[in-house]
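Be aware that the sequence shown starts at 29, since it is given in the numbering used here, and climbs by one per residue.
Glycine residues also receive a C-beta, built at the ideal position from the N, C-alpha and C atoms.
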Amino acid sequence: KIAMKMYRLETIQKLPISINDAWQFLSDPKNLKRITPDYMGFKIVKGAESSMYAGQIIEYVVTPLFGISTTWVTEITHVKEPEYFVDEQRFGPYALWHHKHFIKPIENGVEMVDIVDYKIPFGFLGQLAQPLVVSPKLKEIFEYRREALIKLFGPYKA
29 KIAMKMYRLE TIQKLPISIN DAWQFLSDPK NLKRITPDYM GFKIVKGAES SMYAGQIIEY
89 VVTPLFGIST TWVTEITHVK EPEYFVDEQR FGPYALWHHK HFIKPIENGV EMVDIVDYKI
149 PFGFLGQLAQ PLVVSPKLKE IFEYRREALI KLFGPYKA
């Protein structure tokens, strides 16, 4: 039996906005669609009617690969306004998905750090797919997000 390997994606982005503006935008689940590539067919099914709170369950439909739609259910497990929140997959394409979002004020703006720890299902096949498909796709999605946030809020100037 092959042990399931844990993977991590970490991104850092600076934006020229206040921590409160960053929190208002990032903690509203409805804004996720605005910073997700269109080809992912991202649609919130339910759970995003109110502002974020610990215990909130949000259900999405996404089409991450090969045009195959899947339901993705996440729970917001931790919220400390306006510093961080954590979402964890309860049902979906990953064997494990734990995403920490940190926001801190810096000179002329905020620094956002995303740390995603995840495991791929399907044992050995999943581990083969990780460097070929999953990791590049996740990096592409987070790069799209980076560009979308710059379009919305402008580039950061130190």
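Integer-rounded CB distance, given that H127 should sit under 8 Å from V138 = Rounded, the Cβ-Cβ distance is 18 Å, inconsistent with contact.
Out of curiosity, what's the CA-to-CA distance linking L166 and Y184?
-> If you take the alpha carbons of L166 and Y184, they lie about 23 Å apart.
Determine the contact status of I104 and M80, defining contact as a CB-CB distance below 8 Å.
-> yes
Return the CA-CA distance between I143 and I40, expressed in angstroms with no decimal places.
-> Linking I143 to I40 through their CA atoms gives a straight-line distance of about 9 Å.
F70: buried (16+ other C-beta within 10 angstroms of its C-beta) or exposed?
-> buried
At which residue ranges does the stretch 133-161 contain complete beta strand (DSSP E) runs of 3 or more residues, listed in the order of the chain?
-> 137-147
Indicate, with yes or no, if the ligand FAD has a heavy atom lying under 7 Å from the CB of L160.
-> Because no ligand of any kind appears in the structure shown, any question about the ligand FAD cannot be addressed here.
Straight-line CA distance for R36 to A186?
-> 28 Å
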